[in-house]
Each structure stands twice: as C-alpha cells, then as structure tokens.
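Residue numbers for the sequence shown, in this note's numbering: 7 to 335.
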Amino acid sequence: MKNRKYFESLINKIVKGDCLEIMRQIPDNSVDVTFADPPFNLRKKYNSYYDKQEVQEYISWCKGWLYEMVRITKPTGSIFVHNIPKWLIYFGAYLNEIAIFRHWIAWDAMGSPLGKTLLPNHYGILYYVKSDNFKFYDIRMLHKRCRNCRYILQDYGGKKGQLHPFGPLVSDIWTDIHRIRHKKRRDVHPCQLPVHLLERLLLMSSDEGDIVLDPFVGTGTTAIAAKKLSRKYIGIDIDPKYVEITNKKLEQAEPTVIKGHYVSSFLGRIITIRDKDWNKIKEAFVVPKDPLELEKREIYLLPENGRMIKYELVERIQRDLFSKDVEEK
C-alpha cells in the first residue's frame, strides 16, 4: 500500500534522492503531469553523476522510471519525456505498451554533427496519456516576424484577413523556443531547459492547483514553471547541490498573470497563451482594428500591463554554491 501521507509531504518540495525509490512510494493515479528530462547517456559530467552506461543497462534503467511515471499519473493527466531521438525511439516503443501516444513534439535545438550524421537540429518531447479523458488546451504562440521589417514571415495563402491577433495555434514543431546558450542565463547544469518550454507544456495540459512531478529536476526548470503558473510541484534530484540551487531559484519565481489568466513570458514578452483566454487577455493589448494591419503591426501591451512582465534573467546563484567545488576540481 502506497503512503498517501508521504506523498502529500512531497508536494511543493524539492527532494534529494533516487527518483525510482521515491516514486515507488507514491500512490497510483496521484499526479496530474509528469515530465522527465533524464541524463542522455552521452558522457556528460553532472556535479555528482557521470552520464555513461552500457546501452541495455541505460534502457533498462529508463524503463524503470518510465513505468513509475505512467503508474502515478492520473487518467486525466499527461506524461512528457524529453531526450534525443536516439533514445526516444526506445522510450516510445516501451510507452506504447503501457500508455497512449499523443505526439512527438520537436523543438529547435541545433547541435554539432558527430561523424557521419546529418546536422542534429531538434530535441524530442514524447507526449503520452492514460485515457481519452485527458486534459488538453489549445495554445497560441506569437507570430514569427522579420527581425528588420517586423512583417509576419509565414505565408497565409491569401487569408491574412483571418489572422489571429496574438498568433497561430501551436503545432508539434516548436521553432520559437531555443536552447539556453548565453552563459549569463545558464546554470551549471549541463542540460538546462528554458522555463518557458515547460510553461507551454503545463499551459497545454494542466490547471491551477494541479500537481506536476519531475524525477530529474536538475536546477529547477519544471518546478519554477509550475510555481509561476500556480501549479503544485514535486521535484526529485540525486544531487544535493542541484536541490539547493533549485530551492534558491524558487524563492524568486513569480507568476505572470494578465487579466486574471496565467501566461508564459520570456525577456519581457508574452510568448504563449491559452486560446480560450484570449478574449479576456486581449483587453491588456493594443490591437489593430483592421486584421490586415497585423501583417506589419505587432500588438503590444498597454503600459499598465507591460510593467507586470519582468525580464527573467535568473541570478547566478550557483556562483556561491559551486565556487568551492570548482576550485577543488
């Protein structure tokens, strides 16, 4: 019998420990969203873990926590797994036996070619559910515009009069969210994800007050996204330093709410909204009256609302936490 009190003690906590041991104590159908970004088995050096296993050993280990993710996710919930295509094909084959496939989301992340390969240009996010009664909300992204002239880049085939003021519905290819490359925005974790990537997933699949669990929380991206969107979170990591960093960052996480609705923002701009929230959110924007004007004119927040969106340049907390470790190494 799984321990309900123990599970409740984990909510809104970042827990140090082995994710398999902790998840095995969580009751069935307890969590609304599970998201995993495990080590990629590419010999990357984490603070206290070397990312190299034999192929079958790695796949067997992954099946263990994949099973637990599915087990603890509610029938109305969603399961997301982020990795490189090399491993996702194994994960997908296993998940097809115990869950229901929804999407393979590709997000833009150009890498470097290794040997005789095409230039790797995306990471994948597997999206699975447990029933047909899962939560899902249509979401919108900003229109893509030319950096110089600011005109919309996409060709709408003569239907520009039907443009949505904010932007198109999101597909399963995300080219507007990129890896964190600038050092001033990176933590010491080798595989840090952007907070607005997780915010998009959570806006799409959960509601306020829902519980989100990440078994490899690292430096806190999933927990921060959950807190900013008023979701509850459970973060697990085997490294005490990453747990410490995440807790420090969570102290600074603040929600972004426009006209009573949660949105995702990056560098001072709202970049993801729920489609159903637009009728209220649009009151915070200056929107051209003529839809054809949207091709060349961007919508923008009214001044009193623009002040609510902060530049999210996270302080490099780990400088103090890791300085001694770096010197010793």
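No residue lacks a Cβ here, since even glycine has one placed at the ideal position from N, Cα and C.
Please report the distance separating the alpha-carbon of P33 from that of L16. The alpha-carbon atoms of P33 and L16 are separated by roughly 12 Å.
Contact set for G226: own chain, Cβ-Cβ below 6 Å, skip 5 residues either direction: Counting only Cβ-Cβ distances below 6 Å, and skipping sequence neighbours, we find T252 and K255.
Bridge partners - H151, DSSP secondary structure assignment: The sequence given here has Arg at residue 151, not His. BP columns for R151 point to I158.
What does the alpha-carbon distance come out to for the pair V61 and P45? Approximately 13 Å, taken between the alpha carbons.
Closer than 7 Å to chain D by CB, K233: The question asks about chain D, but that chain is absent: this structure has only one protein chain.
I305 by DSSP, collapsed to three states: which one? I305: coil per DSSP, three-state reduction.
Would you kindly check if the distance between the Cβ of S137 and the Cβ of E205 is under 7 Å? Going by C-beta atoms, E205 is not nearer than 7 Å to S137.
Quickly, what does DSSP pair A42 with across the bridge? List them, please. DSSP output for A42 lists V87 as bridge partner(s).
Contact belief for I183 with L203 at Cβ below 8 Å, rounded distance in angstroms: Indeed, because the Cβ distance is near 5 Å, the residues count as touching under 8 Å.
Those residues which DSSP pairs with F238 across a bridge: Note on identity: in this sequence residue 238 is Lys, with Phe being the wrong assignment. DSSP lists I217 as partners of K238.
Which whole-angstrom value is the C-beta distance of H109 and D178, which I expect to be below 8 Å? The pair is a contact, with the Cβ atoms about 5 Å apart (cut-off 8 Å).
In or out: D193 buried (at least 16 other Cβ within 10 Å) or exposed? The predicted position of D193 is uncertain, since its pLDDT is 49 and thus under 50; a value taken from the coordinates is nonetheless stated next. Buried, because 16 or more other Cβ atoms sit within 10 Å of the Cβ of D193.
DSSP three-state assignment for T82, whether helix, strand or coil: In the three-state DSSP reduction, T82 falls in the strand class (E or B).
Contacts around K80, its chain only, beta-carbon distance under 8 Å, and the 5 residues preceding and following it disregarded: Listed in chain order, the non-local C-beta contacts of K80 below 8 Å within the same chain comprise N35, S36, V37, D38 and K136, local neighbours out to five positions each way being set aside.
With a Cβ-Cβ cutoff of 7 Å, do W93 and P221 count as a contact? Note that the C-beta distance between W93 and P221 is not below 7 Å.
From I86 to T40, what distance separates their C-alpha atoms? Here the sequence assigns Phe to residue 86, which means Ile is not the residue at that position. Approximately 6 Å, taken between the alpha carbons.
State the Cα-Cα distance for the pair N285 and D24, rounded to the nearest angstrom. Cα to Cα, N285 sits roughly 44 Å from D24.
Note the first and the last residue of the continuous alpha helix (DSSP H) segment covering S15. For S15, the enclosing alpha helix (DSSP H) stretches over residues R10 to L16.
In whole angstroms, what separates the C-alpha of H195 from that of V223? With a pLDDT of 42 at H195, under the threshold of 50, the modelled position of that residue is not reliable, and the figure given next carries that caveat. The alpha-carbon atoms of H195 and V223 are separated by roughly 10 Å.
Residues in its own chain within less than 6 Å of Y12 by CB, not counting five upstream and five downstream? Only Q31 meet the Cβ criterion.
Closest to Y239 by CA distance: which of A229, P246 and D213 is it? When C-alpha distances from Y239 are compared across A229, P246 and D213, the shortest belongs to A229.
Is DSSP giving R185 helix, strand or coil here? In the structure shown, R185 sits in coil (DSSP, three-state: anything other than H, G, I, E or B).
Distance, Cα to Cα, S212 vs E250? Their Cα atoms are separated by approximately 27 Å.
Are the Cβ atoms of V292 and Y306 separated by less than 7 Å? Yes, the Cβ-Cβ distance between V292 and Y306 is below 7 Å.
What's the gap between the Cα of V263 and the Cα of D283? In a straight line, the C-alpha of V263 is about 11 Å away from that of D283.
Leaving aside the five residues before and after P200 along the sequence, list all residues of the same chain whose C-beta is less than 8 Å from its C-beta, in chain order. If the five residues before and after P200 are omitted, its C-beta is found closer than 8 Å to the C-beta atoms of I183, H184, R185, I186, T227 and F272, all from its own chain and listed in chain order.
Alpha carbon to alpha carbon, what distance is there between P309 and I106? Whole-angstrom Cα-Cα distance: 45 Å.
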